[in-house]
Every structure is written in C-alpha cells, then in structure tokens.
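Residue numbers (my numbering): 21 to 290.
A virtual CB, placed ideally from N, CA and C, is assigned to each residue, including glycine.
Quick caveat: nothing in here was measured; it's all calculated off a predicted structure.
In what follows, a single structure is set out as structure tokens and then discussed.
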Ligand SMILES: NC(=O)c1ccc[n+]([C@@H]2O[C@H](COP(=O)([O-])OP(=O)(O)OC[C@H]3O[C@@H](n4cnc5c(N)ncnc54)[C@H](OP(=O)(O)O)[C@@H]3O)[C@@H](O)[C@H]2O)c1
C-alpha cells in the first residue's frame, strides 16, 4: 500500500492490525499517521514501538494532519466515540473511515463523519498470529478501490467475511468475544487438572493441546460435534459422567446466553 493511512487510537487492536503489515513491509512507516489520547501512550509508543511511524497526541495542532490521509482506521473504544469529531476542513468525499468499534453503526459513523464514506469492520485478537476472523459491512457507494484497500488491511492476518450490518453484532459476539470465553474455559479446565493434583503449567498445556487436537480432528475428519461426542462417550464411563455434570449446571444455556448477551451489548452502542 502506498497510500497514507491514519490510525485514530493506537491500542491493542490497532497494533495487532498494523504491526504485521509494517513487519511485512506491506505498509511503509512514513505513511502511517497515528493519534492517541494520553501523553503516557504517546511517550511509550515513541520510545518503544519498533517502527518509525508518525505519532501524535489527540487535540494537538500537529495531529490535524491525520485528516489529510484518505484512509483512516478508527480504533478507539466505543465509549470514546463522542470525544472524536471530524476536522471541519475535510471536504474530499472519497475519504474513508474504517471503523472497528464494537456496535457503532454505519449510520452513526455517517452522522459523525459526514464528509467520509464509512465501512464497519469486526475483527478478533488472533489476527496477532495471522489467524484472525474479520467481518466487513460496506457503507453506501464504497468504491472498488476502497474495498481493495480495506481488504488489504485485514486479509494478511485474517479470513474475511463480507456481511450485511444485521449480522455484524452476532459475528462480533462469536468471534471477538469468543477468545475470552475460550480463555475462561481453558482456565477452568486447567483448574480441574490442578484440583486433581497436576502442576498448573502442565495442566494448562494439556488442556490447550487437547483443544487443538480436538479441533484438528473435527476439521480433518469432517466430524460433526455429535459424532465426536459419541466417539469418546462409552456407556457408564468417565466422559458421560463429566457431561452429566455440565448438563446439570446448564453449561449449554450459559454459553448460548453469553453470546446473545455480547451481541445485545454490541447493539446498545448503535
Ligand atoms: N479487544 C478486542 O478483542 C477487540 C476486538 C475487535 C475489535 N475491538 C474494538 O477495537 C477498539 C479498540 O479496542 P482496543 O482493545 O484496541 O482499545 P485500547 O487498547 O484501549 O486502545 C484505544 C486507543 O484509543 C486511544 N484513544 C482514546 N481516546 C482517544 C481520542 N480522543 N483520540 C485519539 N485516540 C484516542 C487510546 O489512547 P490512550 O492509550 O492514550 O488512552 C488508545 O490508543 C474498540 O472499539 C473495540 O470495540 C476490540
């Protein structure tokens, strides 16, 4: 990419999106203009970030330069959305805002950035290791070039799904909140191992390898989840005894409701 790109908010996710592109030289550091809120983050990035990008503090005179970039990645928290306003000299309607904010609708983006076209993206944290999932909803009249650039930002590190906006909240709940749910499950299962006398590290390693192995089995043999369950559940055995406890504690319902709740929370930001 030879275009200049502004990053509004350079936290965990922006870092995960942009750093691999800089590492692979798909973006040039001199073309990246980013703005953060606090002096602390500014200093930290200036001192410790491995690529020599342009970094500014929000509200500073120099930071206005971000509005000259045709492409802008909006990567603040939804709660910080009201603190941002479009610089009123922006008049080029081909400028593009690519928002990764949970829940914030294209409509709300258009109201906030009337002189921009807007795209809404949901991505997830495994993009750090190139195993991300990214959902994209195009706003109106997005050009092919703008689609190309947006895809380029994510295709190196994630599988891309283009969806209508109606599905973006549930996509977010499953893929973006999902890693935290899986982390909790790993932690809880490891505690089970710990309770049985295993060392914490060993217990966690076993859980992670077991999950990876199970996923590979499902993918490679194209097993359905019930086929897999039947494969390892013998009459009167240990596994059915474990599953019985989970059913008693309504784990299915808890997991379903956790996804519905994350999706509803995302809708609240609309
Ligand atoms: N975490 C996830 O797994 C995940 C996944 C997908 C999408 N998302 C979305 O990604 C977005 C960012 O999440 P995150 O976890 O990366 O948050 P984060 O680490 O807290 O980063 C937020 C960034 O925004 C900056 N910022 C705050 N107010 C600003 C302002 N007025 N002007 C300019 N910059 C400002 C912060 O600067 P300071 O550090 O100086 O405050 C920080 O650099 C969220 O909207 C979230 O919904 C998150």
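Checklist entry - Is DSSP giving residue 72 helix, strand or coil here? => result Residue state, collapsed to three classes: coil.
Next on the checklist: Given 8 Å as the limit, tell me if residue 34 has its C-beta closer than that to any heavy atom belonging to ligand 1.
Outcome noted: For ligand 1, a non-hydrogen atom lies closer than 8 Å to the CB of residue 34.
Next on the checklist: So, for residue 60: in the same chain, excluding its five sequence neighbours on each side, which residues have a beta-carbon less than 8 Å away from its beta-carbon?
Outcome noted: Excluding residues within five positions, none has a Cβ falling inside 8 Å.
Item to check | Close beta carbons around residue 178, own chain, < 7 Å, minus the five adjacent residues each side | outcome: Residues 143, 147, 152, 153, 154 of the same chain have their beta carbon placed closer than 7 Å to that of residue 178, with the five preceding and five following residues left out of the count.
Checklist entry - Which word fits residue 200, buried or exposed, when buried means at least 16 other C-beta atoms lie within 10 angstroms of its C-beta? => result The residue is exposed, with fewer than 16 neighbouring Cβ atoms inside 10 Å.
Checklist entry - So residue 122 is in the alpha helix (DSSP H); what residue range does that whole segment cover? => result For residue 122, there is no enclosing alpha helix (DSSP H), as DSSP marks it with neither H nor E.
Next on the checklist: Can you give me the C-alpha to C-alpha distance between residue 47 and residue 234, rounded to a whole angstrom?
Outcome noted: Rounded to the nearest angstrom, the two C-alpha atoms are 37 Å apart.
Next on the checklist: Is it buried or exposed, residue 24, if we count other Cβ atoms within 10 angstroms and call 16 or more buried?
Outcome noted: Buried, by the Cβ-count rule.
Checklist entry - Where does residue 287 fall in DSSP's three states? => result Residue 287 carries a helical assignment under DSSP once its states are collapsed to helix, strand and coil.
Checklist entry - What is the rounded straight-line gap between the Cα of residue 121 and the Cα of residue 93? => result Distance between the alpha carbons of residue 121 and residue 93: 10 Å.
Item to check | Endpoints, alpha helix (DSSP H) assigned at residue 233 | outcome: Looking at the DSSP string, the run of the alpha helix (DSSP H) that includes residue 233 is 220-240.
Next on the checklist: I want to check one thing, is the minimum distance from the CB of residue 98 to the heavy atoms of ligand 1 below 8 Å?
Outcome noted: True, at least one ligand heavy atom lies under 8 Å from that Cβ.
Checklist entry - Can you tell me whether residue 131 is buried or exposed, with buried defined as 16 or more other CB within 10 angstroms of its CB? => result By the 10 Å Cβ count, residue 131 comes out exposed.
Checklist entry - Among 257, 278, 158, 198, which residue has its Cα nearest to the Cα of residue 185? => result Distance from the Cα of residue 185 is smallest, within the candidate group 257, 278, 158, 198, for 158.
Checklist entry - Taking C-beta to C-beta, are residue 169 and residue 91 nearer than 9 Å? => result Note that the C-beta distance between residue 169 and residue 91 is below 9 Å.
Checklist entry - Going by Cα to Cα distance, which pick from 278, 29, 28, 50 is closest to residue 195? => result Nearest to residue 195 by C-alpha distance, out of 278, 29, 28, 50, is 278.
Checklist entry - Could you give the uninterrupted runs of the beta strand (DSSP E) lying entirely in the region 30-115, keeping only those of 3 residues or more? => result Every unbroken stretch of the beta strand (DSSP E) spanning 3 or more residues and falling wholly within the region 30-115 is given here in chain order: 52-56, 74-77, 91-94.
Item to check | Three-state secondary structure (DSSP) of residue 178 | outcome: Per DSSP, reduced to three states, the secondary structure at residue 178 is strand.
Next on the checklist: Along the chain, where does the beta strand (DSSP E) containing residue 140 start, and where does it finish?
Outcome noted: 137-143 is the span of the beta strand (DSSP E), which, as asked, contains residue 140.
Next on the checklist: Checking 9 Å against the spacing of the C-beta atoms, do residue 95 and residue 202 come in under that value?
Outcome noted: No, Cβ-Cβ distance for residue 95 and residue 202 is not below 9 Å.
Next on the checklist: Let's test the definition: count the other Cβ atoms within 10 Å of the Cβ of residue 280 and tell me whether it reaches 16, buried, or not, exposed.
Outcome noted: That one is exposed.
Checklist entry - Secondary structure at residue 157, three-state DSSP: helix, strand or coil? => result In the three-state DSSP reduction, residue 157 falls in the strand class (E or B).
Checklist entry - Among 150, 269, 272, 162, which one has its Cα closest to the Cα of residue 118? => result Nearest of 150, 269, 272, 162 to residue 118, Cα basis: 162.
Checklist entry - What residue range is occupied by the uninterrupted beta strand (DSSP E) comprising residue 25? => result Looking at the DSSP string, the run of the beta strand (DSSP E) that includes residue 25 is 25-28.
Next on the checklist: Quick check: residue 197 and residue 282, are their CB atoms within less than 9 Å of each other?
Outcome noted: With respect to residue 282, residue 197 sits close: the two C-beta atoms are nearer than 9 Å.
Item to check | residue 206 vs residue 228 beta-carbon contact at 9 Å | outcome: At a Cβ-Cβ threshold of 9 Å, residue 206 and residue 228 count as neighbours.
Item to check | Alpha carbon of residue 253 to alpha carbon of residue 57, nearest angstrom | outcome: Roughly 53 Å between the two C-alpha positions.
Next on the checklist: If contacts are defined as beta-carbon pairs under 8 Å, then residue 189 and residue 286 qualify, I think. What distance do you get, rounded to the angstrom?
Outcome noted: Right, their Cβ atoms sit about 4 Å apart.
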